[in-house]
Amino acid sequence: MELDFSTQAHLFWALLPELLLAAGGMVVLLAGVWKGGDREPEEAGWLGAWALTAILVAALANGWLYGVSEVGATSVVAVDSFRLFANWIFLLGAALTIVASFAYVERQRLQVGEFYALILFATVGMMFMGGTRDLILIFLGIETMSVAAYVLTAYNRRDRKSAEAGLKYFLLGAFSTGFLLYGIALAYGATGTTNLVEMAASIEAGAGLSGLLVAALGLLAVGFAFKVAAVPFHMWTPDVYEGAPAPATAYMAAAVKAASFVAFARVFLVAFEGLYTSWFPIFWWLAALTMVVANLIALSQSNVKRMLAYSSVAHGGYLLVGLSAANEMATGGLLFYLLVYTFMTIGAFGVLMIVSNQSEERLQVEDYAGLGWRHPVLGVVFTIFLLSLAGFPGTGGFMGKIFLLQGAAEAHLWTLAIILVLATVVSYFYYLRVSWYMWMRPAPEGSSTEGRGGPFGMNVALIATAGILLFLGVFPGSILDLALAGAESLFPAGPGLAGTAP
Amino acid sequence: MLVEALVVSALLFVIGTFGVLVRRNAIIMFLCIELQLNAANLSFVALSRHLGIDGQIFVFFVMTVAAAEAAVGLAIIISIFRHYQTVNVDNFNLLKW
Chain Z
117 MELDFSTQAH
127 LFWALLPELL
137 LAAGGMVVLL
147 AGVWKGGDRE
157 PEEAGWLGAW
167 ALTAILVAAL
177 ANGWLYGVSE
187 VGATSVVAVD
197 SFRLFANWIF
207 LLGAALTIVA
217 SFAYVERQRL
227 QVGEFYALIL
237 FATVGMMFMG
247 GTRDLILIFL
257 GIETMSVAAY
267 VLTAYNRRDR
277 KSAEAGLKYF
287 LLGAFSTGFL
297 LYGIALAYGA
307 TGTTNLVEMA
317 ASIEAGAGLS
327 GLLVAALGLL
337 AVGFAFKVAA
347 VPFHMWTPDV
357 YEGAPAPATA
367 YMAAAVKAAS
377 FVAFARVFLV
387 AFEGLYTSWF
397 PIFWWLAALT
407 MVVANLIALS
417 QSNVKRMLAY
427 SSVAHGGYLL
437 VGLSAANEMA
447 TGGLLFYLLV
457 YTFMTIGAFG
467 VLMIVSNQSE
477 ERLQVEDYAG
487 LGWRHPVLGV
497 VFTIFLLSLA
507 GFPGTGGFMG
517 KIFLLQGAAE
527 AHLWTLAIIL
537 VLATVVSYFY
547 YLRVSWYMWM
557 RPAPEGSSTE
567 GRGGPFGMNV
577 ALIATAGILL
587 FLGVFPGSIL
597 DLALAGAESL
607 FPAGPGLAGT
617 AP
Chain V
12 MLVEALVVSA
22 LLFVIGTFGV
32 LVRRNAIIMF
42 LCIELQLNAA
52 NLSFVALSRH
62 LGIDGQIFVF
72 FVMTVAAAEA
82 AVGLAIIISI
92 FRHYQTVNVD
102 NFNLLKW
C-alpha cells in the first residue's frame, strides 16, 4: 500500500496504531468507571487484560505499517522506520508497565481503569511525538504525554509524597513546555513553516543564523533538556521519581524519557541539520555534565528508588552522546539503547516493587540484604538488570553503549567517548553495591517472613525481560539492523553529519 | 508592527519566567506559566500576519492544551492543599527539591 496523503483516508491509515490505541484507552476508561465504587481484584485483572489487548492490536497495526510506503518525505505523518521502531519502544514500555503494576494497583487500591487508560493515552502522545514531521503535532504529542504523566505521578491521593511529586512535576513540566513553545514560535518566525523538512530547506536556502533562529535553538534545547532531564535541568527528576507510585516511575523513567529523546532527535537532526555546528557545543556540554554529575550523585544515594532515578538521569547523558554525534550509527545506537533501556529500567523497578511489598516502603539498600539467597530467581534477574544498567559485557546495556561509542568515534568525539567510559566505570560502584547487599550480606534477624515473591505473571515477565537482555547482549544483530534502518530514514540525503564536528 | 509585537511577547515571556522562578505560591507560579504560553501565542499571531495561517492554527491548539493543563494542574494543587492546607511550595519538603 502506498500513501500520498491526497485524501483523508490516507491519514487514517498512516495513523492506524495511534487511533486504535486511543480507542482502546477510551474503552478501558469507560469500563473502569462503569462499575463505580466496588472494585473487585478480578475486575482489575480484566481491565489490565483489555489494556494489554489494546496495546497488542496497536502493535499489530504498527507491524502492518512496515508494508506501507509513503510518497515523498515531507508529509505531516511520517511513515518511516524511525517512527515504527520508536513505536515498538513505547508499546513495549507501556505493556511491561501494565504487567508490572497489577499487584501494585491492587494493593494500593488505585482506580485501575483510569490508571491503565492514562498509560495508554500517554503512549498515544509518545507515538505522535515520534511519528510526525510537524512541530504542531510534536507539541500536541508532548502535551498529551505530559498531562497524562502529571496525573500518573500524583495518582495516589492518599500519599503526601505522591501529591508533592505531582505538583513539582507539573510546575516544572509546564515551565519547560513554555520554553519549548516559545522556541517553536521563534523557529516558525525565522523559517516561516512548522514542518521540519521544510524548515531544513528554508534554513539551507536562507543560509545561516538569524537572531531569531539562535534564540529558537536555545529555547528548544532548554525545553527538551528539561524533558529528557539533562543536567543542569534535572532537578525535578529525583524528587518526582521518588515520590510517584512505583509503576508510574518505571513508566516515566523508561517510556517518557524515550519519547522525549525520539522527538529531540527528530527535531534537531532533521530541522536543524544545517546548523549542526551551532548546536553541537550545547549538546556536548549537556552530555558531559549529565554523565559526570548524575553518576557522582548516584554514588551517594542509599535509597534504591532515588538511586535508580539518578541512574536514569545518567543514562540520559549516554544518550545525549549519541545525539551530539548526530550520525547514522549514533542515531541507530540511540534507538537500540532506548529499547534496551526500557527493558532494564522497567525490570529493575518491577523487582523494586516486589521487594517493597507493592508499596512505598523498604526502599533502602539495606532492605536488599540477603535477598538473593531468600528469593534466588528475584536475585538473579535483579542482578542481570543491574549489570545491564551498568553496561557489563554480555548484557544488552553493554551492546547499547558500544554502539553509542561507535557513533561517537565516527564523529571523532573522543573526549565524550572517554567520559562515557569513565562514567560507566563509576556507575559500577552504585549498581554493584545493591548486588553486593543482595548476595554478600546476611538478611537481618526476624525479617525472613517479610518480602514475599512477586505474583506469577510478573515473575514470568521479569524472567522474560532478563532473558531478552541477555539475548541482546550476545546477538544484537537483527534488532540493531532495525534500529539502523530507522536512523537511515532520518538521514535520507547521506551518511549523516559525521565528521563535521569542529 | 511585527517588531513591536515580538518585543511585547518577549517581555511577557521574561516576566512569566521570572515569576515562576521568584514566586513561591503554586497558583501564581501556574499563572506565570500561562503567561509564558500566551507570550508564545502573541508571537504566533503576529508572525502569521506575514507567514500565513499556520501560526493562528497553532494558537488554537495551544489554547486547548493550556485548558487541559489548567484542569489537571488545578486538580493537583487541590490534592496537595488537602494534605498540607497550603499552596506555598516552600512548605512541601518531604522530598528534597
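These protein sequence lines are chains Z and V, in that order.
Going letter by letter, the first sequence gives residues 117 to 618 in our numbering.
Going letter by letter, the second sequence gives residues 12 to 108 in our numbering.
Every residue gets a Cβ at the ideal spot worked out from N, C-alpha and C, and that includes glycine.
So with Cβ pairs under 8 Å, would you call V/M40 a contact of chain Z? Locating residue 40 of chain V in the second sequence gives position 29, where the first residue counts as 1. Output row for V/M40: interface = yes.
Quick one, which residues of the segment 14–28 of chain V are near chain Z if we go by CB-CB under 9 Å, in chain order? L17, S20, A21, F24, G27 and T28
Mind checking the segment 294–311 of chain Z against chain V and listing, in chain order, the residues whose C-beta falls within less than 8 Å of any C-beta there? G294, F295, L297, Y298, I300, A301, L302, Y304, G305, G308, T309 and T310
How about Z/L532 and Z/A404: do their beta carbons lie closer than 8 Å? As a position in the first sequence, residue 532 of chain Z is number 416, starting the count at 1. As a position in the first sequence, residue 404 of chain Z is number 288, starting the count at 1. Yes.
Where do the ends of the alpha helix (DSSP H) carrying Z/G294 lie? Your numbering for residue 294 of chain Z matches position 178 in the first sequence. Here the alpha helix (DSSP H) through Z/G294 covers R276 to T307.
So with Cβ pairs under 8 Å, would you call Z/I235 a contact of chain V? Here residue 235 of chain Z refers to the residue found at position 119 when the first sequence is read from its first residue. With 8 Å as the cut-off, Z/I235 does not count as an interface residue toward chain V.
Inside the segment 485–559 of chain Z only - alpha helix (DSSP H) runs reaching at least 4 residues: 487–490, 492–506, 512–526 and 530–556
Any C-beta of chain Z under 8 Å from that of V/A78: Taking the second sequence and counting its residues from 1, one reaches residue 78 of chain V at position 67. Output row for V/A78: interface = no.
What do you reckon, are the CB atoms on Z/T248 and Z/V193 nearer than 8 Å? Translated into the one-based positions of the first sequence, residue 248 of chain Z becomes position 132. Translated into the one-based positions of the first sequence, residue 193 of chain Z becomes position 77. Result yes, Cβ atoms of Z/T248 and Z/V193 sit closer than 8 Å.
Residues that Z/Y266 contacts on chain V, provided the C-beta gap is smaller than 7 Å: Within the first sequence, the letter at position 150 stands for residue 266 of chain Z. The contacting residues are V83 and I87.
Check for me: the alpha helix (DSSP H) holding Z/L468 runs from which residue to which? Counting from 1 along the first sequence, the entry for residue 468 of chain Z is found at position 352. E444 to V471 is the span of the alpha helix (DSSP H), which, as asked, contains Z/L468.
May I ask you to report which of helix, strand or coil DSSP gives Z/D196? Numbered from its first residue, the first sequence carries residue 196 of chain Z at position 80. Coil at Z/D196, not helix or strand.
Cβ atoms of Z/V144 and Z/A175: under 8 Å apart, would you say? One-based indexing of the first sequence puts residue 175 of chain Z at position 59. One-based indexing of the first sequence puts residue 144 of chain Z at position 28. In this structure, Z/V144 does not lie closer than 8 Å to Z/A175 by Cβ.
Using a C-beta cutoff of 8 Å, does V/D65 count as contacting chain Z? Here residue 65 of chain V is taken as the residue at index 54 of the second sequence, counted from 1. Output row for V/D65: interface = yes.
Would you please verify whether the beta carbon of Z/E134 is less than 8 Å from any beta carbon of chain V? Your numbering for residue 134 of chain Z matches position 18 in the first sequence. No, Z/E134 does not count as interfacial toward chain V.
Contact set between Z/V263 and chain V, taken where Cβ atoms lie within less than 7 Å: If you number the first sequence from 1, residue 263 of chain Z lands on position 147. Here the neighbours are A79, E80 and V83.
Measuring only from the beta carbon, is Z/I462 closer than 7 Å to any heavy atom that is part of the ligand ADP? Judged by which ligands are present, the structure shown has none, so any question about the ligand ADP falls away.
Does the beta carbon of Z/E320 come closer than 8 Å to any beta carbon on chain V? Taking the first residue of the first sequence as 1, we reach residue 320 of chain Z at position 204. No, Z/E320 does not count as interfacial toward chain V.
What residue from Z/R557, Z/I534 and Z/W162 has the CA that sits closest to Z/E482's CA? Residue mapping note: residue 482 of chain Z aligns to position 366 of the first sequence, counting from 1. Checked all of Z/R557, Z/I534 and Z/W162; the closest Cα to Z/E482 is Z/R557.
Is it buried or exposed, V/Q47, if we count other Cβ atoms within 10 angstroms and call 16 or more buried? Here the question's residue 47 of chain V lines up with position 36 in the second sequence. Label assigned to V/Q47: buried.
Would you say the segment 258–278 of chain Z touches the segment 454–473 of chain Z, given that touching needs at least three Cβ pairs under 8 Å? no
My assumption, with CB atoms under 8 Å, is that Z/G140 sits in contact with Z/L236. Please give the rounded CB distance. Counted from its first residue, the first sequence places residue 140 of chain Z at position 24. Counted from its first residue, the first sequence places residue 236 of chain Z at position 120. Indeed they touch by this definition, with Cβ atoms about 6 Å apart.
Proximal residues of chain V, C-beta to C-beta of Z/K343 below 7 Å: Taking the first sequence and counting its residues from 1, the one referred to as residue 343 of chain Z is at position 227. Neighbours of Z/K343 on chain V: none; closest Cβ ~15 Å, over 7 Å.
Using C-beta distances below 7 Å, list every residue in its chain close to Z/V344, excluding the 5 sequence neighbours before and after it, in chain order. Position 228 of the first sequence, counting from 1, holds the residue named residue 344 of chain Z. Closer than 7 Å at Cβ, skipping near neighbours: K373, S376, F377, F380 and G432.
Identify whether Z/D120 lies in helix, strand or coil by the three-state DSSP scheme. Counting from 1 along the first sequence, the entry for residue 120 of chain Z is found at position 4. Z/D120: coil per DSSP, three-state reduction.
Which residues in the same chain as Z/A430 place their Cβ atom closer than 8 Å to its Cβ, once the five residues preceding and following it in sequence are excluded? Position 314 of the first sequence holds residue 430 of chain Z. The residues are T406, M407, A410, N411, A414, A539 and S543.
Please work out which residues of its chain come closer than 6 Å, Cβ to Cβ, to Z/L328, disregarding the five sequence neighbours upstream and downstream, and give them in chain order. Along the first sequence, one-based indexing puts residue 328 of chain Z at 212. Once the five neighbours on either side are set aside, the close Cβ partners of Z/L328 are L302, G305 and A306.
Cβ-Cβ distance between V/G63 and V/V56 below 8 Å: Taking the first residue of the second sequence as 1, we reach residue 63 of chain V at position 52. Taking the first residue of the second sequence as 1, we reach residue 56 of chain V at position 45. No, these two residues do not count as a Cβ contact at 8 Å.
CA-CA distance, Z/A202 and V/R60? Position 86 of the first sequence, counted from the first residue, corresponds to residue 202 of chain Z. Position 49 of the second sequence, counted from the first residue, corresponds to residue 60 of chain V. Their backbone Cα atoms lie some 36 Å apart in a straight line.
Do you know how far the Cα of Z/G322 is from the Cα of Z/G505? For the purposes of this step, residue 505 of chain Z is taken as the residue at position 389 of the first sequence. For the purposes of this step, residue 322 of chain Z is taken as the residue at position 206 of the first sequence. At residue 505 of chain Z the sequence reads Leu, which differs from the Gly that was named. Each residue's alpha carbon lies about 44 Å from the other.
Taking Z/L297 and V/V83 to be in contact with their CB atoms under 8 Å, please state how far apart those CB atoms are, rounded to whole angstroms. Your numbering for residue 297 of chain Z matches position 181 in the first sequence. Your numbering for residue 83 of chain V matches position 72 in the second sequence. Rounded, the Cβ-Cβ distance is 17 Å, inconsistent with contact.
So who's on the other strand from Z/S185, going by DSSP bridges? Here residue 185 of chain Z refers to the residue found at position 69 when the first sequence is read from its first residue. According to DSSP, which records beta bridges pairwise, Z/S185 is partnered with Z/E118.
Would a check of beta-carbon distances place V/Q47 closer than 8 Å to chain Z? Numbered from its first residue, the second sequence carries residue 47 of chain V at position 36. So, interface residue.
Secondary structure at Z/N575, three-state DSSP: helix, strand or coil? Mapped onto the first sequence, residue 575 of chain Z falls at position 459. The answer is helix: DSSP assigns Z/N575 an H, G or I state.
List the endpoints of the continuous alpha helix (DSSP H) containing Z/S191. The residue you call residue 191 of chain Z lines up with position 75 of the first sequence. Run containing Z/S191: none; DSSP gives neither H nor E here.
Give a yes or no on whether 8 Å exceeds the smallest Cβ distance from V/V33 to chain Z. Within the second sequence, the letter at position 22 stands for residue 33 of chain V. Judged by the 8 Å Cβ criterion, V/V33 is not in contact with chain Z.
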